[in-house]
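Data first, discussion second: the structure below is written as structure tokens.
Number of protein chains: 2
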Amino acid sequence: MTIQQVATEAGVSPSTVSNLLNGRNHRMLPETRQRIERAIDKLGYRPNRAARQLRTGRNTTIGLVVPSVGNPFWGALARHLESAALAEGYHVLLCNSERDPRRERDYVDELWADGVHGVVLCSSLPSLEHVMPLVERGLQLVAFDRTSQAGDPASLVSISVDNAIGSQLAAQHLTDLGHRRLAFVSGALASVNRKERYRGFTAALEQAGIDPATSVRAPVKGDADDFGDVEASELGRAAAAELLALEDPPTGIVAINDMCALGVCRGLRDGGLEVGKDVSVVGFDDIVLADLYAPTLTTVRQPMKEMAAAAFTQLRSRLDDSGPTQGQSLLFRPELIVRESTAPPA
Amino acid sequence: MTIQQVATEAGVSPSTVSNLLNGRNHRMLPETRQRIERAIDKLGYRPNRAARQLRTGRNTTIGLVVPSVGNPFWGALARHLESAALAEGYHVLLCNSERDPRRERDYVDELWADGVHGVVLCSSLPSLEHVMPLVERGLQLVAFDRTSQAGDPASLVSISVDNAIGSQLAAQHLTDLGHRRLAFVSGALASVNRKERYRGFTAALEQAGIDPATSVRAPVKGDADDFGDVEASELGRAAAAELLALEDPPTGIVAINDMCALGVCRGLRDGGLEVGKDVSVVGFDDIVLADLYAPTLTTVRQPMKEMAAAAFTQLRSRLDDSGPTQGQSLLFRPELIVRESTAPPA
DNA sequence: CGAGGCCGGTGCAACGATGCACCGCATGCT
DNA sequence: AGCATGCGGTGCATCGTTGCACCGGCCTCG
Numbered sequence: 001m002t003i004q005q006v007a008t009e010a011g012v013s014p015s016t017v018s019n020l021l022n023g024r025n026h027r028m029l030p031e032t033r034q035r036i037e038r039a040i041d042k043l044g045y046r047p048n049r050a051a052r053q054l055r056t057g058r059n060t061t062i063g064l065v066v067p068s069v070g071n072p073f074w075g076a077l078a079r080h081l082e083s084a085a086l087a088e089g090y091h092v093l094l095c096n097s098e099r100d101p102r103r104e105r106d107y108v109d110e111l112w113a114d115g116v117h118g119v120v121l122c123s124s125l126p127s128l129e130h131v132m133p134l135v136e137r138g139l140q141l142v143a144f145d146r147t148s149q150a151g152d153p154a155s156l157v158s159i160s161v162d163n164a165i166g167s168q169l170a171a172q173h174l175t176d177l178g179h180r181r182l183a184f185v186s187g188a189l190a191s192v193n194r195k196e197r198y199r200g201f202t203a204a205l206e207q208a209g210i211d212p213a214t215s216v217r218a219p220v221k222g223d224a225d226d227f228g229d230v231e232a233s234e235l236g237r238a239a240a241a242e243l244l245a246l247e248d249p250p251t252g253i254v255a256i257n258d259m260c261a262l263g264v265c266r267g268l269r270d271g272g273l274e275v276g277k278d279v280s281v282v283g284f285d286d287i288v289l290a291d292l293y294a295p296t297l298t299t300v301r302q303p304m305k306e307m308a309a310a311a312f313t314q315l316r317s318r319l320d321d322s323g324p325t326q327g328q329s330l331l332f333r334p335e336l337i338v339r340e341s342t343a344p345p346a
Numbered sequence: 001m002t003i004q005q006v007a008t009e010a011g012v013s014p015s016t017v018s019n020l021l022n023g024r025n026h027r028m029l030p031e032t033r034q035r036i037e038r039a040i041d042k043l044g045y046r047p048n049r050a051a052r053q054l055r056t057g058r059n060t061t062i063g064l065v066v067p068s069v070g071n072p073f074w075g076a077l078a079r080h081l082e083s084a085a086l087a088e089g090y091h092v093l094l095c096n097s098e099r100d101p102r103r104e105r106d107y108v109d110e111l112w113a114d115g116v117h118g119v120v121l122c123s124s125l126p127s128l129e130h131v132m133p134l135v136e137r138g139l140q141l142v143a144f145d146r147t148s149q150a151g152d153p154a155s156l157v158s159i160s161v162d163n164a165i166g167s168q169l170a171a172q173h174l175t176d177l178g179h180r181r182l183a184f185v186s187g188a189l190a191s192v193n194r195k196e197r198y199r200g201f202t203a204a205l206e207q208a209g210i211d212p213a214t215s216v217r218a219p220v221k222g223d224a225d226d227f228g229d230v231e232a233s234e235l236g237r238a239a240a241a242e243l244l245a246l247e248d249p250p251t252g253i254v255a256i257n258d259m260c261a262l263g264v265c266r267g268l269r270d271g272g273l274e275v276g277k278d279v280s281v282v283g284f285d286d287i288v289l290a291d292l293y294a295p296t297l298t299t300v301r302q303p304m305k306e307m308a309a310a311a312f313t314q315l316r317s318r319l320d321d322s323g324p325t326q327g328q329s330l331l332f333r334p335e336l337i338v339r340e341s342t343a344p345p346a
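These protein sequence lines are chains A and B, in that order. Position 202 (the first sequence) corresponds to 202 in this note's numbering; numbering is contiguous. Position 332 (the second sequence) corresponds to 332 in this note's numbering; numbering is contiguous.
Pasting the structure below:
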């Protein structure tokens, strides 16, 4: 099952087989070509990737580092990225960082040692310093779900939805419905994304002539360590309780993401309110569950498939070094999906 | 950054470095050893996996073929498997088959070509014939979420929860609560799992002295092509509507899995019924969402973490060929998690 | 007529790590 | 004396693939 055996079977030299395999067959007799192809079929030959990689230094594997594929949001990214990669013969090596910065760095290190030169990194960290040494050595990095920052490596590609626009759409939807008393529920605004979303929220308020100071931002036990996924919903639930205790509770709530929004819904329900009637709630991400929940959740959709495809395309063109070496930032347009959880104020 | 450079830096031969790297350092001067270790640290050397694999034929990557990591159930498996593998220095190559038998086979082929000798396969197919050729060549296969079948390769390891017991627990819980009119909601019983779950369901009915013939099995547009994940909930929703149209609707419903159960809940709610009061619903899997939904879902938990760890352990011991070559079947005990979606009949 | 070009391929030295055979010397045993 | 065995390492062929340099024969062209 080596190229040597194929060559013998076809009565040519290994080099010739290699030439065919690598598209250098412009000046090859069609007959020779067919003999080789037949031999390959007959023996069921598949090139050995290790040998190929050792020789060329190239490979067709890209790394994906996500906080956790247990979270449907990242699961969806993994699926779409893999799908885009597969179409071009690439593989995806999956790594769950579990939001642990050290694991994140170790993974990127290990990927590099494996000869993986392109990585899609979904980092929880605002700074990318921990992977800079490898970027300097030529690692191609796509940061996903993160807009580019000052201090990022020059070659970095950032892919993200436009978070500000997203939550602006969300808040605007509420003000359009007539809500005047709004709340924004999130953990600590520790990441760039979260800050952006909050910015969009306040922008929408101002546009509607509402003083943002009268709105409520409800981060609960707002520390950096609240990034988890189940925790997001717990947080929403607690925040809802907190909001209901106010003397003039908000009628419209924008949550930092869907998991959080679902928690908010649950908390409101605990407090005896009906979501989509007494109170309106908007989420962010449009995870599968958003359309299953009762009530179905109005939310801001990230165009996952397109974003994943873009991540792969960017990586690939840079790995081929046919692409630009200069970094860039791709901001995707979010879309408001209106469902049952929002309605005019009672 | 090659072993040669480390050797030069340490003033020894590459072989000696290699010996240390591979634990053949019994008769090595501690001083030599330290010199090498220092050199490794100083240069930040990491062995090149491609070269190592080419030479040894071994590698530390295992494959995971799942229908889709977009589904939280498989996402959880991916996460736990990766975690178990990482602890031993192994990597997981993720493959989404999208329930396409051809993709499934292509992936296993490709993994083999990549030198991956161990694969955890979550196949939708009752037969494993399509991968037999590779198993004969030495591919180690662990079938996950699938009990072993006649005709399976002799070396196959099967890992699954005991599906019959699981749904028996579910149905028993309902009969214990006093429900006498039960329904089982599923797509076509096309897989072994589904058949087993249905078997457990009827067994529980018989045990409770209920004639299974009076129960309802509600497969909707019951063809093989209803395996999807979003579809599962659609299916549940439609099934609920169908059940409500009966002249004597069931008061207790066992669903084939959580996604389906969530769909059922939604369908019941559409019909004006309150789940956990008017009707009881039990799911299967205990995905994250089960505890987030309103009402929270009573369900049968699969001990994912343990199952994933077992999958890795089995694979690893066979790859080291320190383990048994004989196949075996591991059935894990499911656990009933009682939450809000079940209650005595109204 | 000789230099150069075009054929359709082939030869060969790498890529980086591995692990067996083996180095030369000192000591122990018979 | 003669041989085995220990020491702490080293030399070298090898894994499968790649792609440049180059083969010898024939044609073209100035």
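Built from N, CA and C at the ideal position, the CB exists for glycine as well. In this text, all values refer to a predicted model and were calculated from it rather than measured experimentally.
Which partner residues of residue i appear in the DSSP bridge assignment?
{"i": "A:T61", "result": "A:H91"}
{"i": "B:Q326", "result": "DSSP output for B:Q326 lists no bridge partner at all."}
{"i": "A:E335", "result": "A:R301"}
{"i": "B:L182", "result": "B:G252"}
{"i": "A:I159", "result": "A:F144 and A:L330"}
{"i": "B:F201", "result": "Note: B:F201 sits in no beta bridge, so no partner."}
{"i": "B:S341", "result": "For B:S341, which the question treats as bridged, DSSP gives no partner whatsoever."}
Suppose the cutoff is 6 Å on Cβ atoms and the five residues either side in sequence are ignored; what does the same chain contact list for residue i look like?
{"i": "A:E338", "result": "What sits at residue 338 of chain A in the sequence shown is Val, not Glu. T298."}
{"i": "B:R237", "result": "G263, R266 and G267"}
{"i": "B:Q314", "result": "V142 and V157"}
{"i": "B:P101", "result": "L125"}
{"i": "A:A208", "result": "T175"}
{"i": "B:G271", "result": "L244"}
{"i": "B:R103", "result": "S97"}
{"i": "A:V17", "result": "I3, V6, A7 and I36"}
Take residue i and list the residues in its own chain whose beta-carbon comes closer than 7 Å to its own, dropping the five residues that flank it on each side.
{"i": "B:W112", "result": "L134 and L139"}
{"i": "A:L94", "result": "L64, V69 and A78"}
{"i": "A:D223", "result": "Any reading at A:D223 must be qualified, since the residue scores a pLDDT of 49, below 50, and its modelled position is unreliable; no value is offered."}
{"i": "B:R194", "result": "S186 and I256"}
{"i": "A:D278", "result": "A346"}
{"i": "B:P249", "result": "L243"}
{"i": "A:G89", "result": "T60"}
Identify the contact partners of residue i in chain B, using a Cβ-Cβ distance below 7 Å as the criterion.
{"i": "A:A389", "result": "There is simply no residue 389 of chain A to check, as chain A begins at 1 and stops at 346 in what is shown."}
{"i": "A:S233", "result": "L292"}
{"i": "A:L262", "result": "L292"}
Tell me which residues share the same chain as residue i and place their Cβ nearer than 8 Å to its Cβ, disregarding the 5 neighbours each side in the sequence.
{"i": "A:I165", "result": "G200, R333 and P334"}
{"i": "B:Y198", "result": "S167, F184, S186, L189 and R217"}
{"i": "B:P303", "result": "V161, F332, R333, P334 and E335"}
{"i": "A:R301", "result": "D285, D286, P334, E335, L336 and I337"}
{"i": "B:T342", "result": "H173, L174, L177, G252, G276, S280, V281, V282 and T298"}
{"i": "B:N19", "result": "N25 and M28"}
{"i": "B:E9", "result": "A39, K42 and L43"}
{"i": "B:Q326", "result": "A154 and S155"}
Just the chain A side, please: which residues come within less than 7 Å of residue i by C-beta, in chain order?
{"i": "B:A50", "result": "A50, Q53, L54 and G115"}
{"i": "B:G138", "result": "None at all; the shortest Cβ gap to chain A is about 12 Å."}
{"i": "B:R46", "result": "A113"}
Original post:
Can you find at least 3 beta carbon pairs, one from the stretch 40-54 of chain A and one from the stretch 80-89 of chain A, that sit closer than 8 Å?
Top reply: As far as the Cβ criterion goes, the stretch 40-54 of chain A does not touch the stretch 80-89 of chain A, which means the pair count is below three.
**OP:** Note down, in chain order, all residues in the stretch 75-97 of chain B with a beta-carbon under 8 Å from any beta-carbon belonging to chain A.
**Re:** Going along the stretch 75-97 of chain B in chain order, one finds G75, A76, A78, R79, E82, S83, H91, V92, L93, L94, C95 and N96 with a Cβ nearer than 8 Å to chain A.
Original post:
Which residues, in chain order, does the stretch 58-74 of chain A contribute to contact with chain B at a C-beta distance below 9 Å?
Top reply: Answer in chain order: N59, T61, L64, S68, V69, G70, N71, P72 and W74.
Original post:
Closer than 7 Å, Cβ to any Cβ of chain B: which residues of the stretch 114-128 of chain A, in chain order?
Top reply: The residues in question are D114 and G115.
Subject >> Three or more C-beta pairs below 8 Å linking the stretch 272-287 of chain B and the stretch 161-175 of chain B >> reply: Judged by Cβ distances under 8 Å, the stretch 272-287 of chain B makes contact with the stretch 161-175 of chain B, as three or more pairs qualify.
**OP:** Could you run through the stretch 281-315 of chain B and flag, in chain order, every residue whose CB is less than 8 Å away from some CB of chain A?
**Re:** Residues V288, L289, D291, L292, Y293 and A294.
Subject >> Interfacial residues, the stretch 266-280 of chain B to chain A, with Cβ spacing under 8 Å >> reply: Result list: R266 and R269.
Subject >> Interface residues of the stretch 189-205 of chain A facing chain B [CB-CB below 8 Å] >> reply: So nothing in the stretch comes that close.
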